[in-house]
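Numbering (the numbering used here), first residue to last: -15 to 255. Backbone N, C-alpha and C define an ideal beta-carbon position, used for all residues, glycine too. A quick note: this is a predicted structure, and the numbers were derived from the prediction, not measured.
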């Protein structure tokens, strides 16, 4: 199923590429699901998952390329230490406002999961729930080892050219995307980064999904994400997928869709 709408919107002066899948029987009151991509990601790299999620959940699915990624406008700036936290006001809120989405369910893959958690912590009145997939909650040795290995692989020009296909067929843009990931996470100033403070502020249900063979993070991440403040005990849960790496929605799509459907039915039974 192709997106119902594909458009460019303004996000703090930069054009941002957005795709929307709308379920034909969606109830007006249902919150849309907004997907946040990973560090090398783009709308096109989600492949058919947004359509499957829309069909399975009966909800609108919205996917966007962050500035500098995919078909969005080039981002000339170097990402700062707080780029994960800054995403909410820089891109997500302008997106919600532009599409008249009063309240959203966020689905974040990898670094997009961290962005989803931080957004929910900062703007609880706009976020109904958070679903993370392969998200990092802190800087783990395994995370850094995986990034170093990936950086070495990208020394092969063919790998960068393959990445560029999803970022405007632009090698300069693809190099920015790669550097925004590797150089930010490997920098000394990022070494003590953590979602700890944002997790303490969460006021909504959270589902953390993770593969047991994820090369960028151990089970400590979903356990930390699901360990919500005691006042919200029972609203945080996690699921581990056996024999699965860093991209469960591609490796185990049916299990991901099943876990999401169960989570939504539990917390939004009337819809």
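Item: Nearest neighbour of residue 131, chosen from 80, 48, 23 [CA to CA]; Value: 23
Item: Residue 9 classed as buried or exposed, judged by whether at least 16 other C-beta atoms fall within 10 angstroms; Value: exposed
Item: Straight-line Cα distance separating residue -10 from residue 29; Value: 15 Å
Item: Buried or exposed by the 16-neighbour rule on C-beta atoms within 10 Å, applied to residue 69; Value: buried
Item: Proximity to residue 163 [Cα-Cα], best of 52, 232, 246, 75; Value: 52
Item: CB contact flag (residue 101, residue 36, <8 Å); Value: no
Item: Reduced DSSP category for residue 242 - H, G, I as helix; E, B as strand; rest coil; Value: helix
Item: Given residue 111 as reference, the closest of 20, 211, 86, 124 once Cα atoms are compared; Value: 86
Item: Own chain residues within Cβ distance below 6 Å of residue 38, not counting five before or after; Value: 5, 7, 45
Item: Which listed residue (190, 200, 210) has its alpha carbon closest to that of residue 232; Value: 200
Item: Residue 215 versus residue 182 - alpha carbon distance; Value: Unreliable placement is indicated for residue 215, whose pLDDT of 49 sits below 50; no coordinate value is reported for it.
Item: Endpoints, alpha helix (DSSP H) assigned at residue 68; Value: 67 to 71
Item: 6 Å Cβ shell around residue 208 - same chain, five flanking residues per side excluded; Value: 121
Item: Neighbour-count burial assignment, residue 71, 16 or more Cβ in a 10 Å radius; Value: buried
Item: Given residue 114 as reference, the closest of 246, 252, 250, 192 once Cα atoms are compared; Value: 192
Item: For residue -4 and residue 78, believed in contact at Cβ under 8 Å, the rounded distance; Value: 7 Å
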